[in-house]
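Colleague: Sequential numbering from 673 applies to the sequence shown in the numbering used here.
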Amino acid sequence: MRWKAIYAFGITVAKIAKEEIEKARILIRRLMWMLNEESGSMPWGVGEAFGEALYHEDTLRKEYLQIYVSYIWPQGNYLEFPPAQRGIIWGIGRLAQRYAEALLNVKTQDYLIIHLNSPDEGVLFMTLWSLKNFSPWLDLSPYILLISKALEVIKTKGTTLLLFDGINIRSYTSLELQDYYQKIIK
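1) Which residues does DSSP pair with residue 843 in a beta bridge?
2) Roughly how far, in whole angstroms, is the beta-carbon of residue 834 from the beta-carbon of residue 826, given that I think they are within contact range, below 8 Å?
3) Quick test of the definition: if touching needs 3 or more C-beta pairs under 8 Å, does the segment 781-788 touch the segment 802-821?
4) How many whole angstroms separate the CB atoms of residue 784 and residue 760, which I take to be in contact at a CB cut-off of 8 Å?
5) Have a look at residue 693 and residue 674 and give me their C-alpha separation to the nearest angstrom.
6) Would you mind stating whether residue 721 and residue 678 have Cβ atoms separated by less than 7 Å?
7) Look up residue 789 in the DSSP assignment and say whether it is helix, strand or coil.
8) Please go through the same chain and pick out, in chain order, the residues whose beta-carbon is closer than 6 Å to the beta-carbon of residue 748, but skip the five residues on each side of it.
9) Go ahead and pull the three-state DSSP assignment for residue 750.
10) The alpha helix (DSSP H) spanning residue 723 covers which residue range?
11) Buried or exposed: which applies to residue 756, given that a residue is buried once 16 or more other Cβ atoms fall within 10 Å of its Cβ?
12) Within this structure, are the beta carbons of residue 843 and residue 831 separated by less than 7 Å?
13) Can you tell me whether residue 797 is buried or exposed, with buried defined as 16 or more other CB within 10 angstroms of its CB?
14) With a cut-off of 8 Å on the beta carbons, I'd call residue 682 and residue 725 a contact; round off their distance for me.
15) Within a Cβ cutoff of 6 Å, which residues of the same chain sit near residue 806, ignoring the five residues on either side of it in sequence?
16) Any idea if residue 801 is buried or exposed, counting beta-carbon neighbours within 10 angstroms, 16 or more meaning buried?
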């Protein structure tokens, strides 16, 4: 249900933006407030919804992409709570399916790579999933050692996550990511 709501939110924000862009901006600013520690809220699904809205609406993506990426940047609006990090990292992977070049222009890969050292297996999993969505625009060979270590952690723990991949909502396993990266590592 959660993933369907996230997808529906993205489409709804895009429709609102086509009618009145300022109303859509207000929604995005509300999401930004919810991601702010001072708001006192727990942003379950907010990072994902924010990413999905940017995926579906080009004007908002152009205006808010750098802010969105800053949530995983230690010198930016860094979110310290791993479940919130997972949401933003998923959103970056989703955006990479359509806008990889725009993300690379704001050095997103540098901020994703940092998260390959996360102690949270969900963050590791989402980071690996997101990085694979940058193919073929990003050469991952300089990061093979970090990728291999992260793969080993999620493989050892048998990590499986339910996520929306842009087409389906399904469980992804660590073995699927392992298979994908084995082609790159060789």
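Glycine included, each C-beta is placed from N, C-alpha and C at the ideal position.
Modeller: To lay it out plainly:
1) Position 171 of the sequence shown, counting from 1, holds the residue named residue 843. DSSP, once it has assigned bridges, lists 834 as partnering residue 843.
2) As a first step, residue 834 is located in the sequence shown; it is residue number 162 there, counting from the start. As a first step, residue 826 is located in the sequence shown; it is residue number 154 there, counting from the start. Between residue 826 and residue 834 the Cβ distance is about 15 Å, and since that is not below 8 Å, they are no contact.
3) yes
4) Within the sequence shown, numbered from 1, the residue matching residue 784 stands at position 112. Within the sequence shown, numbered from 1, the residue matching residue 760 stands at position 88. In fact, because the Cβ distance is near 10 Å, the residues do not count as touching under 8 Å.
5) Working through the sequence shown from its first residue, we reach residue 693 at position 21. Working through the sequence shown from its first residue, we reach residue 674 at position 2. Taking the straight line joining both Cα atoms gives about 25 Å.
6) In the sequence shown, residue 721 corresponds to position 49, counting from 1. In the sequence shown, residue 678 corresponds to position 6, counting from 1. Cβ atoms of residue 721 and residue 678: closer than 7 Å.
7) Within the sequence shown, numbered from 1, the residue matching residue 789 stands at position 117. Residue 789 falls in the helix class under three-state DSSP.
8) One-based indexing of the sequence shown puts residue 748 at position 76. Around residue 748: 742.
9) The sequence position of residue 750 within the sequence shown is 78, counting from 1. In the displayed model, residue 750 falls within coil according to three-state DSSP, outside both helix and strand.
10) Counting from 1 along the sequence shown, the entry for residue 723 is found at position 51. Start and end: 718-728.
11) Reading the sequence shown from its first residue, position 84 is the one you call residue 756. It is buried - the Cβ of residue 756 has at least 16 other Cβ atoms within 10 Å.
12) One-based indexing of the sequence shown puts residue 843 at position 171. One-based indexing of the sequence shown puts residue 831 at position 159. Contact: no.
13) Position 125 of the sequence shown, counted from the first residue, corresponds to residue 797. Looking at its Cβ environment, which holds 16 or more other Cβ atoms inside 10 Å, residue 797 is buried.
14) Counting from 1 along the sequence shown, the entry for residue 682 is found at position 10. Counting from 1 along the sequence shown, the entry for residue 725 is found at position 53. The pair is a contact, with the Cβ atoms about 5 Å apart (cut-off 8 Å).
15) Stepping through the sequence shown from its first residue, residue 806 is reached at position 134. 768 and 772, listed in sequence order.
16) One-based indexing of the sequence shown puts residue 801 at position 129. Flag for residue 801 reads buried.
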